[in-house]
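First to last, the protein sequences are chains A and B.
FYI, the numbering for the first sequence is 300 to 671, going by the numbering used here.
FYI, the numbering for the second sequence is 300 to 671, going by the numbering used here.
All C-beta atoms, glycine included, are put in the ideal place defined by N, C-alpha and C.
Number of protein chains: 2
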Amino acid sequence: MAKNVPADIGMPLDDIDTPALLIDLDAFERNVEKMADFTREAGIRLRCHAKTHKSADIAKYQISRGAVGVCCQKVSEAEALVDGGVADILVSNEVIGDNKVHRLAALARRARVLVCVDDPENISDLNRAAGSQGVVLEVLVEIDVGAGRCGVSPGQAAVPLAKKLTRAPNLKFTGIQAYQGGAQHIHDYTERRKAIDRAIERAGDTVARITAAGLSCDTVTGAGTGSYRFEAGSGLYNELQCGSYIFMDAHYGRIDMDRGTGNAEFENSLFVYTSVMSNARPGIAVCDAGLKAHSVDSGMPVIVDRPGLEYTGASDEHGQISDPGDALRLGDKLFLVPGHCDPTVNLYDWFAGVRNGVVEVLWPVSARGMCV
Amino acid sequence: MAKNVPADIGMPLDDIDTPALLIDLDAFERNVEKMADFTREAGIRLRCHAKTHKSADIAKYQISRGAVGVCCQKVSEAEALVDGGVADILVSNEVIGDNKVHRLAALARRARVLVCVDDPENISDLNRAAGSQGVVLEVLVEIDVGAGRCGVSPGQAAVPLAKKLTRAPNLKFTGIQAYQGGAQHIHDYTERRKAIDRAIERAGDTVARITAAGLSCDTVTGAGTGSYRFEAGSGLYNELQCGSYIFMDAHYGRIDMDRGTGNAEFENSLFVYTSVMSNARPGIAVCDAGLKAHSVDSGMPVIVDRPGLEYTGASDEHGQISDPGDALRLGDKLFLVPGHCDPTVNLYDWFAGVRNGVVEVLWPVSARGMCV
Chain A
300 MAKNVPADIG MPLDDIDTPA LLIDLDAFER NVEKMADFTR EAGIRLRCHA KTHKSADIAK
360 YQISRGAVGV CCQKVSEAEA LVDGGVADIL VSNEVIGDNK VHRLAALARR ARVLVCVDDP
420 ENISDLNRAA GSQGVVLEVL VEIDVGAGRC GVSPGQAAVP LAKKLTRAPN LKFTGIQAYQ
480 GGAQHIHDYT ERRKAIDRAI ERAGDTVARI TAAGLSCDTV TGAGTGSYRF EAGSGLYNEL
540 QCGSYIFMDA HYGRIDMDRG TGNAEFENSL FVYTSVMSNA RPGIAVCDAG LKAHSVDSGM
600 PVIVDRPGLE YTGASDEHGQ ISDPGDALRL GDKLFLVPGH CDPTVNLYDW FAGVRNGVVE
660 VLWPVSARGM CV
Chain B
300 MAKNVPADIG MPLDDIDTPA LLIDLDAFER NVEKMADFTR EAGIRLRCHA KTHKSADIAK
360 YQISRGAVGV CCQKVSEAEA LVDGGVADIL VSNEVIGDNK VHRLAALARR ARVLVCVDDP
420 ENISDLNRAA GSQGVVLEVL VEIDVGAGRC GVSPGQAAVP LAKKLTRAPN LKFTGIQAYQ
480 GGAQHIHDYT ERRKAIDRAI ERAGDTVARI TAAGLSCDTV TGAGTGSYRF EAGSGLYNEL
540 QCGSYIFMDA HYGRIDMDRG TGNAEFENSL FVYTSVMSNA RPGIAVCDAG LKAHSVDSGM
600 PVIVDRPGLE YTGASDEHGQ ISDPGDALRL GDKLFLVPGH CDPTVNLYDW FAGVRNGVVE
660 VLWPVSARGM CV
């Protein structure tokens, strides 16, 4: 069962073979604490996004530090997290098709399960499946507040779905999901703020119309690491779905989180550990972490604390490193901040959590590969 | 043990939940046969690259159709394939560090194992490890014939490494690896041909110098799906390392394989099966296969046999589809040709092999996640 384990507990960092996915436990815990403090002080619920880590251990740790539960994106992911002991989970996504709908309803026998909808037929399907399992599913109407992905248009379009949910005996209309995913990644602070202000306005209009129709819209959920302060200050959202803040990544590192102060708010705590495997040519070294060790969809990884070195390109199992001073030796180990944390984590079976140079915990990536 | 299984044997295609990684078995077998026929007629050995499929079942099938063995890129990958019954394997890469070197030598007790080197100290390490395991490792000197990745410069630089290998009692100097990885992906036929001609010239010069030093250079290995006919016609290479030809992908589909005839030579046999999960807005649909269901490092996937539809963007678990005619309905299933086959396969635990609309085989991706 314990396949592909990267290290032993107590192993010094130097002895971990590469590539390996490491968590700096001190930085990770500070990130968790910082967000927990913020949400407590802001009086807003935190429902951390588990698609970032896919780990039941991390989910339970976040919940132990005040989160009300977690989100995930897929039914199979939710199953893996519930199997690992998570008791309150929002599939922050539409769940379509008989197989998935029935699996979701079955899961609600074992945990509190919430889900999003943007289609009336899907409401009928969910209601039937929940009835057949003898459960009540809590359902959010998803609105598209600018991300251009899932969700109905903001405003009046949400009202018939909310009404249909209140009429469905095995479903409970819980509120709306209004997540502006695209805005998380707008580099400029002011532009990002503007995009979220528009999202807040659209969500507010939607809530007003639902309320005017005589329905109660208890939950307004959304927000991510790049924007959570805006939604938290809106007076409208009462639940935040931040995920990446626990790890951060090179892409988030390039975003101006706080008006050009260079303050990234959260620390990089996730690293791909890699070794130099070839340096036969001057000016160039090759490391053993390529496309199968980190995801390049949001750009190349950043090499930690080695000025002069740059990770310039990836092939399947190789990383090209520009090393103009020929500083690297064969076998030298480097820490990479991956370009995008979520799909990088999904490549690994385990996290090795490190503190004071020693492996302290091994956490399985419980929902790795669970994309159904 | 059987985790994350996507289907049952005998299941109709329509019943497979999504996302799932499918092989069209007829197309796959025709691809395997076509390359086997070519290499037999050309009188050249085929050592298929298993980094493409990471599957012991597929490796053994290729060997049963005439391949002499397989290549892979990592020691852990080689272990998984040998565990699955592969008896002859080249780690077509440098293997650095005590842990990996010893695992490689231990593996040579169970299978024929070959490896590449580009560093003299690494030769000493491999020799010691082989001695401690009582095995002889077969070793190729890797030369950089233009890919700009691993390998010593072509020509004289290879000679001292070859000599050192012949003096190492537990190693056998077997020849050279001269793989022009970058050239596989040059779109233009003539430019690609030129790049490979330069590689062949450099490999030829290297062989001449090794031979002039009184050593026998038995193996010249390299080539990929984008260039194999050139190396095969060189009179120099005697082993081809093609991998992608069994599956193909959208990136290879964009390469002019045969002087603008549009003849891709091999058929797409690998597909990501996906469902429409949201179509709440006109002109756009969202499918359930995003960055965790296929790799976008070489561009977006292509939607099969649905003119007018285009996969335009991926987020973690969503794919954006342009559908100007609003042809798609919720739950509709589509076949995607992934942008890049190798890292896409590495996201899945299983292949479902389909023939005549029914699942005929389930093959584990034996070496999934084996990046050490």
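Beta carbon proximity, residue i to chain B, threshold 8 Å
{"i": "residue 485(A)", "result": "no"}
{"i": "residue 670(A)", "result": "yes"}
{"i": "residue 629(A)", "result": "yes"}
{"i": "residue 359(A)", "result": "no"}
{"i": "residue 480(A)", "result": "yes"}
{"i": "residue 495(A)", "result": "no"}
{"i": "residue 398(A)", "result": "yes"}
{"i": "residue 373(A)", "result": "yes"}
{"i": "residue 641(A)", "result": "yes"}
{"i": "residue 303(A)", "result": "yes"}
{"i": "residue 418(A)", "result": "yes"}
{"i": "residue 421(A)", "result": "yes"}
Residues that residue i bridges to, as DSSP identifies them
{"i": "residue 609(B)", "result": "621(B)"}
{"i": "residue 438(A)", "result": "414(A) and 472(A)"}
{"i": "residue 652(A)", "result": "322(A) and 660(A)"}
{"i": "residue 634(A)", "result": "572(A)"}
{"i": "residue 393(B)", "result": "415(B)"}
{"i": "residue 311(B)", "result": "657(B)"}
{"i": "residue 388(B)", "result": "369(B) and 412(B)"}
{"i": "residue 295(A)", "result": "Because chain A spans 300 through 671 in this model, residue 295(A) falls outside it and cannot be assessed."}
{"i": "residue 614(B)", "result": "617(B)"}
Within chain B, the residues that residue i reaches when beta carbons sit closer than 8 Å
{"i": "residue 647(A)", "result": "668"}
{"i": "residue 443(A)", "result": "579 and 580"}
{"i": "residue 600(A)", "result": "Under the 8 Å cutoff, chain B gives no residues; its nearest Cβ is about 13 Å from residue 600(A)."}
{"i": "residue 533(A)", "result": "In chain order: nothing, as chain B lies at least about 23 Å away."}
Any C-beta of chain A under 8 Å from that of residue i
{"i": "residue 574(B)", "result": "yes"}
{"i": "residue 577(B)", "result": "yes"}
{"i": "residue 387(B)", "result": "no"}
{"i": "residue 658(B)", "result": "no"}
{"i": "residue 307(B)", "result": "no"}
{"i": "residue 654(B)", "result": "no"}
{"i": "residue 381(B)", "result": "no"}
{"i": "residue 609(B)", "result": "no"}
{"i": "residue 350(B)", "result": "yes"}
{"i": "residue 617(B)", "result": "yes"}
{"i": "residue 312(B)", "result": "no"}
{"i": "residue 426(B)", "result": "no"}
{"i": "residue 543(B)", "result": "no"}
{"i": "residue 614(B)", "result": "yes"}
Boundaries of the alpha helix (DSSP H) in which residue i is found, first to last residue
{"i": "residue 574(A)", "result": "Residue 574(A) -> not in any alpha helix (DSSP H); beta strand (DSSP E) instead, spanning 569 to 577."}
{"i": "residue 452(B)", "result": "Premise fails: residue 452(B) is in no alpha helix (DSSP H) and is neither H nor E."}
{"i": "residue 537(B)", "result": "Element bounds for residue 537(B): n/a, residue is neither H nor E."}
{"i": "residue 508(A)", "result": "488 to 511"}
{"i": "residue 552(B)", "result": "549 to 552"}
{"i": "residue 643(B)", "result": "640 to 644"}
Within chain B, the residues that residue i reaches when beta carbons sit closer than 9 Å
{"i": "residue 633(A)", "result": "Under the 9 Å cutoff, chain B gives no residues; its nearest Cβ is about 13 Å from residue 633(A)."}
{"i": "residue 585(A)", "result": "393, 448 and 449"}
{"i": "residue 526(A)", "result": "Per Cβ cutoff of 9 Å: no residues; residue 526(A) is ~15 Å from chain B at best."}
Chain-ordered neighbours of residue i on chain A, where CB pairs are closer than 9 Å
{"i": "residue 450(B)", "result": "577, 579 and 580"}
{"i": "residue 378(B)", "result": "Under the 9 Å cutoff, chain A gives no residues; its nearest Cβ is about 11 Å from residue 378(B)."}
{"i": "residue 568(B)", "result": "Those within 9 Å of residue 568(B) in chain A number zero; the least Cβ separation is about 19 Å."}
Range covered by the beta strand (DSSP E) that runs through residue i
{"i": "residue 518(A)", "result": "518 to 521"}
{"i": "residue 586(B)", "result": "583 to 586"}
7 Å Cβ cut-off: residues of chain A touching residue i
{"i": "residue 594(B)", "result": "590"}
Chain A contact residues for residue i, given Cβ-Cβ distances below 8 Å
{"i": "residue 318(B)", "result": "670 and 671"}
{"i": "residue 621(B)", "result": "Ordered by position in chain A, no residue passes the 8 Å Cβ test against residue 621(B), which lies about 11 Å from the chain."}
Interface partners of residue i on chain B, CB under 7 Å
{"i": "residue 354(A)", "result": "The premise fails here: residue 354(A) is roughly 15 Å from chain B at the closest Cβ pair, so nothing lies under 7 Å."}
Quiz item: Taking the runs of the alpha helix (DSSP H) that are 4 residues or longer, which of them lie wholly in the region 330 to 384 of chain A?
Solution: 355 to 363 and 374 to 382
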